[in-house]
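Some notes on the structure that comes next.
There are 2 protein chains.
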Amino acid sequence: MLAAERRDHLLGLLSREGKIVAKDVAADLGISEDSVRRDLRDLAAEGLCQRVYGGALPVSPAVADYGARQTVTPDGKRQVAAVAAALVRPGSALILDGGTTALAVAHALPPDLACTVITHSPTIAVALLDHPRAEVFLLGGRLFKHSAVTCGAAAAEAAQNISADLCLLGVTGVHPEAGLTTGDAEEAAMKRALAARAADTYVLASSEKIGTASRFRVLPWEDVSGLITDADPRHPVLERLAAHGVEILAAG
Amino acid sequence: MLAAERRDHLLGLLSREGKIVAKDVAADLGISEDSVRRDLRDLAAEGLCQRVYGGALPVSPAVADYGARQTVTPDGKRQVAAVAAALVRPGSALILDGGTTALAVAHALPPDLACTVITHSPTIAVALLDHPRAEVFLLGGRLFKHSAVTCGAAAAEAAQNISADLCLLGVTGVHPEAGLTTGDAEEAAMKRALAARAADTYVLASSEKIGTASRFRVLPWEDVSGLITDADPRHPVLERLAAHGVEILAAG
DNA sequence: ACGATACATGCAGAAACGTGCAAGAACAGG
DNA sequence: CCTGTTCTTGCACGTTTCTGCATGTATCGT
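Which chain is which? The protein sequence lines are A and B, in order. Using this note's numbering, read the first sequence as starting at 1 and increasing by one per residue. Using this note's numbering, read the second sequence as starting at 253 and increasing by one per residue.
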C-alpha cells in the first residue's frame, strides 16, 4: 500500500464514517499505529481533518457546511430526489433541469451509474464531476443568474440537437388548471424545449408547490408522464391530476 | 517494448487499478525501476497522473481534490489573476478559459464590473453568479471531467458564434520551442478555437509552468499577444519569448 | 490517584529518489 | 556504408523519505 493511497483511504473513511480510530485503522491495514498517527498529523496540518485523542474527526467547518447543505435540503426534496434518481436506468440518457431539487437528484444518483446527463445548469454539471461514469453534456447559452441556468435562443437551439429517454423537470407551481408554471418566461420556454426532447417527462414537485401557480406556463398536463412528490397522494390536487392521466409517484 | 507503449500501459494500469507501484511494474515488465520512475515523472508533468512516493495515483480521484485546489489558491496564481483581471475593460467582452488560474481571474474581477464573459467552464459560470453586472455566456458541449470544461465538436462549434476583445488562456506548459501546450488533445483544440475568436490572447502562466511542455500544442507564439506570470522576467525562457515578440506582464 | 492508553520524539534500517555517467539503439547526413 | 548526434536505458552513488521500535511524557477513564 502506497503512503499517499493510505492518506486517501483515511480521508475516505473520514467522510464515510465521520471518524477515524487510529488503532482500528492500523489493525485493518496491518501497519503500525505510529504510521496512522503520522498520517493524521499531516492531514491535520493541511486542514483536512481534526486531530483528536484516539484518532481524528472531519474538519469542523467543512463537515458543518456539508452536513448543513444536506440537512438544509429539506427531507421532502431529498425524498423526491431519491425517487427520481431511481427512475434513471443504467445506460440511459437523462435531461436534468436546474434548481435545488434537480441538484438533489444529481447528488442522489449512484456515484458509479453509467448514464448520459444533459443539463443547462452549470451547478449540476459541477456536481456531477465526481460521477466518473456519467457522461455530462452541458447546454450552452446566456446564463440566467437568478436560477443559475442557461437560457435564451442559443440554449433553446442547443436543446434541439439532443434527445433523451427521460426528462426530470423542476417547477415552482403545480396547479390542476394552470398546469406546470414558473416565474420567468425564458425559463419556461427552456423547460418546454427540454421536455420536448425526452420520451418521458417527470416533474419534481416538493409538497409546498402543490396547488400553487406562477405567472408563466411551462407545460400542460398532457405532456407530462408523471409527477414525483412527497405530498400525500390523497391530496385533492393530486387526485385531480391522476384523473388527467398523470402518474403520481409518492416519495417518502 | 516501446517507450510510448509503456506509457500507455501505465495509464491503463492507473485507470484499471487506481494506482501504480513502481517496483511491481518494473518487475512485471522486466525493466528497471528507473525507467518506470522516469515515465511517471513525465506523465505527472503532463498532468496525467499524480506522482507519489512509491508510485503514482490517478490525477483526479475526488472532488475533494478540486475543492482543495479551489480554496487554497496559491499566491502566485492570485497575483497572475489580479494582473489579468486588470486587463478587462468595462463594457468589453472577455473569453475566459477553464482551470484554477482562470477561476482565480473570475474571483479577481471587480464585483460590479459590467462586461461580457464567455467561458466553457461551468465552474467559472457558477463563480460569476455573484457578479450582477457581468453577462455570462456559457459554451455548451461534452463535459471533460478532468478539467471541468466543455470540449468536443459541439463546444468548438459554439465558439464559432462568438467573438471578444480579449481571451485569457490557461495552459500547463510554456516552452520556447514547443509553444503553449496542454495535456489533452480535445482541450488543446478548444483553447485554440477560443483564442481564434478574440482580438488579443494573453496566457496565464504561474511560475511552475515556465519551461515545461506537455503533449499537445495549443498555439504558437505568433498567435499570443502576451504572457502573464509571477516568474522573474529575467528568467531565460521568458527572455527568449520576449525576443519572439511576446509581451511579458510580470505579476507580483 | 492510578493504571491503561495514546502521544511525540529520536533513532536506525530499509526503501525510494534524483543525478551523473556510460553503453547501446535509432536516426540523419555525407 | 560510415559517422556523428541524439535519445533511451540501466547502473552506481549519495540523498531523502518512510516506517517500525523504543523511550519518556501526556491524557483518559475509573
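Built from N, CA and C at the ideal position, the CB exists for glycine as well. None of the values given here were measured: they were computed from a predicted structure.
Taking 8 angstroms as the CB threshold, A:A114 stays off the interface with chain B.
Annotation: B:G299 is outside any beta strand (DSSP E) and is labelled neither H nor E by DSSP. Scanning chain B for C-beta atoms nearer than 9 angstroms to the C-beta of A:L57 yields nothing, as the closest lies near 16 angstroms away. The beta carbon of A:V218 sits closer than 8 angstroms to those of L169, V171, G179, L180, T181, T182, A188, K191, R192, A195, all from its chain and outside the five residues before and after it, given in chain order. Its chain contains A445, R449 as the residues whose beta carbon lies nearer than 8 angstroms to that of B:Q412, once the 5 sequence neighbours on both sides are disregarded; these appear in chain order. Excluding sequence positions up to five before and after A:V83, its CB lies within less than 6 angstroms of the CB of I228, L249, A251, all in the same chain and listed in chain order. Scanning its chain for C-beta atoms nearer than 6 angstroms, with the 5 sequence neighbours on each side dropped, one finds around B:S466 the residues E298, T424, G425, T433, T434, G435, in chain order. At a cut-off of 8 angstroms between beta-carbon atoms, A:R142 makes contact with chain B.
Of the candidates B:S287, B:R268, B:A451, B:S287 places its Cα closest to the Cα of B:A256. The criterion of a C-beta distance shorter than 8 angstroms is satisfied by B:L346 and B:C367. About 7 angstroms separates the beta carbons of B:A308 and B:L266, which is inside the 8 angstroms limit, making them a contact pair. Counting only the Cα atoms, A:G141 lies some 10 angstroms from B:T371.
Under the criterion of beta carbons closer than 8 angstroms, B:D475 and B:T453 qualify as touching, at roughly 6 angstroms. Here the alpha carbons of A:T123 and A:L103 stand approximately 8 angstroms from one another. Restricting attention to alpha helix (DSSP H) runs no shorter than 4 residues, the region 156-197 of chain A encloses them at 185-196, ordered along the chain. For A:G12, the enclosing alpha helix (DSSP H) covers residues 3-17. Neighbours of B:A410 across chain A, judged by C-beta separation under 7 angstroms: G140. Among the residues of chain A, those whose CB is under 8 angstroms from the CB of B:F389 are G140, G141, R142, L143, A154, following chain order. Here B:K275 is exposed: its Cβ has fewer than 16 other Cβ atoms, across all protein chains shown, within 10 Å. Within chain A, A125, V126, L129 have C-beta atoms less than 9 angstroms from the C-beta of B:A400, given in sequence order. Taking a Cβ-Cβ threshold of 7 angstroms, the residues of chain B close to A:E5 are K271, L309, in chain order.
Against chain B, the CB of A:P110 has no partner CB under 8 angstroms away; the residue lies outside that interface. Ranked by how close their Cα comes to the Cα of A:T100, the residues A:V88, A:V80, A:R41, A:D8 have A:V80 in first place. Around B:A437, the same chain offers F468 as residues with beta carbons nearer than 7 angstroms, after the five sequence neighbours per side are excluded. In the three-state scheme derived from DSSP, where H, G and I count as helix and E and B as strand, A:G55 is classed as strand. Check the Cα spacing between B:C419 and each of B:R486, B:L456, B:E499, B:V489: the tightest is with B:L456. When DSSP states are grouped into helix, strand and coil, A:V88 belongs to the coil group. For B:G299, no chain A residue has a C-beta closer than 8 angstroms to its own C-beta; the minimum C-beta separation is roughly 16 angstroms.
Taking a contact as a CB-CB distance under 8 angstroms, the pair A:G98 and A:V149 counts as one, their CB atoms being some 4 angstroms apart.
Under the three-state reduction of DSSP output, A:I124 falls in the helix class. Residue contact with chain A for B:G422: absent (no Cβ-Cβ distance below 8 angstroms to any residue of chain A). Using a Cβ distance threshold of 8 angstroms, A:A106 and A:L96 count as a contacting pair.
When the beta-carbon positions are compared, A:H131 and A:L113 come within less than 8 angstroms of each other. With 16 or more other CB atoms across the displayed protein chains lying within 10 angstroms of its CB, A:D39 is buried.
Counting along the chain, B:E387 sits inside the beta strand (DSSP E) bounded by residues 386-390.
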